[in-house]
Amino acid sequence: MRSEHPKPERPQRDVDFSGPSRHGHATGEHSVTVSHGMKPMVPFRVCVLTLFPAMFPGPLGHSLAGRAQAEGRWSLETVDIRVDDAPFGGGPGMVLRADVVDAALQATRRPEIPFVYLTPRGQVLTQARIRALSERNGLVVLCGRFEGVDQRVLERHGAEELSIGDYVLSGGEPAAMVLVDAIIRLLPGVVGHAESLREESFERGLLEYPHYTRPQVWAGQAVPEVLISGHHQRVAAWRQAASEAITRERRPDLWIRYQEGRV
Ligand SMILES: C[S@@+](CC[C@H](N)C(=O)[O-])C[C@H]1O[C@@H](n2cnc3c(N)ncnc32)[C@H](O)[C@@H]1O
Numbered sequence: 070m071r072s073e074h075p076k077p078e079r080p081q082r083d084v085d086f087s088g089p090s091r092h093g094h095a096t097g098e099h100s101v102t103v104s105h106g107m108k109p110m111v112p113f114r115v116c117v118l119t120l121f122p123a124m125f126p127g128p129l130g131h132s133l134a135g136r137a138q139a140e141g142r143w144s145l146e147t148v149d150i151r152v153d154d155a156p157f158g159g160g161p162g163m164v165l166r167a168d169v170v171d172a173a174l175q176a177t178r179r180p181e182i183p184f185v186y187l188t189p190r191g192q193v194l195t196q197a198r199i200r201a202l203s204e205r206n207g208l209v210v211l212c213g214r215f216e217g218v219d220q221r222v223l224e225r226h227g228a229e230e231l232s233i234g235d236y237v238l239s240g241g242e243p244a245a246m247v248l249v250d251a252i253i254r255l256l257p258g259v260v261g262h263a264e265s266l267r268e269e270s271f272e273r274g275l276l277e278y279p280h281y282t283r284p285q286v287w288a289g290q291a292v293p294e295v296l297i298s299g300h301h302q303r304v305a306a307w308r309q310a311a312s313e314a315i316t317r318e319r320r321p322d323l324w325i326r327y328q329e330g331r332v
């Protein structure tokens, strides 16, 4: 069963609303939002295949992602795949059936939209991969449960297998939320200050520097003097040095890549 998740109501506090007026209308398969004086905004289309559609939008309906959905920057559809069977070859647990997953994919896939299966045995997600996916026009995401999904349907549809880390969840739904959340914040206009994205962890191959705000002295600790100097170049140099020190200490793997210019 397919369900479109309605846009959440526009929240009271609205950030980064890029057009004075807009309305949505359907053109064939695509919902297009028009803002006067700007190019039409085609939403990034997310389709999630899951045994538990009621889990969505979940956290994606709140804060930045919820606002972006209300503004028509992305859309969400879930497809209920109610299908599992015992594995050939024996062993515990159940496996999602190829024929039913295939039927759901036939109904939802478009050649131009990437198809991702979330699995602990996939390539571990990186910010670079997230950015590349955010530059496409949508995503079909298959959430596994139990032992996983029949291999044949993954191969037939050329699934890109992605993992959110070296640990095992009970299902792909939380992983799908992680993946979609990370993509949405990179869509044009979603984060108010685009330059803040450029300074974030992983974007330049480094972890981010520490942040401080008021009060200037708290629990006997003052914020670093340079940050209240108002001297932009010294602040930038301090942040660069802090980023490098944190990366060197916490992530020697990233540090080596950064030094070699492989970012
Ligand atoms: C219990 S897990 C299956 C684990 C599988 N038998 C294995 O050993 O690799 C059920 C589902 O959760 C999802 N999942 C679990 N851990 C994940 C991870 N680290 N990244 C992405 N998806 C994950 C996958 O969709 C998987 O099919």
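Heads up: the sequence shown begins at 70 in our numbering, then just goes up one per residue.
Ideal placement from N, C-alpha and C gives every residue a C-beta, glycine not left out.
Bear in mind that the values here come from a model prediction, so they are computed numbers and not experimental data.
Residue i, DSSP secondary structure in three states
| i | result |
| --- | --- |
| G217 | strand |
| V209 | strand |
| D171 | helix |
| P293 | coil |
| P321 | helix |
| L238 | coil |
| T177 | helix |
| L275 | coil |
| V117 | strand |
| S72 | strand |
| G158 | coil |
| E230 | strand |
| T188 | strand |
| S144 | strand |
| L255 | coil |
| M163 | coil |
| D250 | helix |
| V286 | strand |
Integer Cβ distance of residue i from residue j, believed to fall under 8 Å
| i | j | result |
| --- | --- | --- |
| L231 | V185 | 5 Å |
| V164 | G241 | Contact doesn't hold; Cβ gap of about 14 Å is too wide. |
| V332 | R267 | Between R267 and V332 the Cβ distance is about 13 Å, and since that is not below 8 Å, they are no contact. |
| F215 | G162 | 5 Å |
| E275 | E318 | First, the residue type needs correcting, since residue 275 is Leu and not Glu in the sequence shown. In fact, because the Cβ distance is near 12 Å, the residues do not count as touching under 8 Å. |
| Y281 | V292 | 4 Å |
Proximity below 8 Å, CB of residue i to CB of residue j
| i | j | result |
| --- | --- | --- |
| S203 | L256 | yes |
| P279 | A311 | yes |
| A245 | V210 | yes |
| L336 | I150 | Given a span of 70 to 332 for the chain in the structure shown, any question on residue 336 remains unanswerable. |
| D250 | A134 | yes |
| F125 | Q196 | no |
Neighbourhood of residue i by C-beta, 6 Å cutoff - its chain only, sequence neighbours within 5 removed
| i | result |
| --- | --- |
| V222 | A167, V170, D171 |
| G207 | F113, R114, I182 |
| P189 | S232, V237 |
| I315 | L276 |
Same chain only: Cβ atoms within 7 Å of residue i, ignoring 5 sequence neighbours per side
| i | result |
| --- | --- |
| R143 | Note on residue identity: the sequence assigns Trp, not Arg, to residue 143. Here the set comprises P112, F113, V115, A137, I253, L256. |
| E334 | The requested residue 334 is not part of the displayed model; the chain covers only 70 to 332. |
| H99 | Summary for H99: the model assigns pLDDT 33, below 50, so the residue's position carries little reliability; its value from the coordinates is reported in the next sentence. Within the same chain, H99 has close Cβ partners V111. |
Proximity to residue i [Cα-Cα], best of the options
| i | options | result |
| --- | --- | --- |
| D219 | H74, A155, P180, V193 | A155 |
| F121 | P128, G213, M110 | G213 |
| D235 | R308, G191, P75 | G191 |
| H226 | P75, P180, A139 | P180 |
Residues near residue i by beta carbon distance below 8 Å, same chain, minus five either side
| i | result |
| --- | --- |
| E73 | S144, L145, E146 |
| R71 | E146, T147, V148, D149, A176, T177 |
| S298 | V304 |
Ligand 2 heavy atom lying under 7 Å from the CB of residue i
| i | result |
| --- | --- |
| Y327 | Because ligand 2 does not appear in the structure shown, any question about it cannot be addressed here, the ligands present being ligand 1. |
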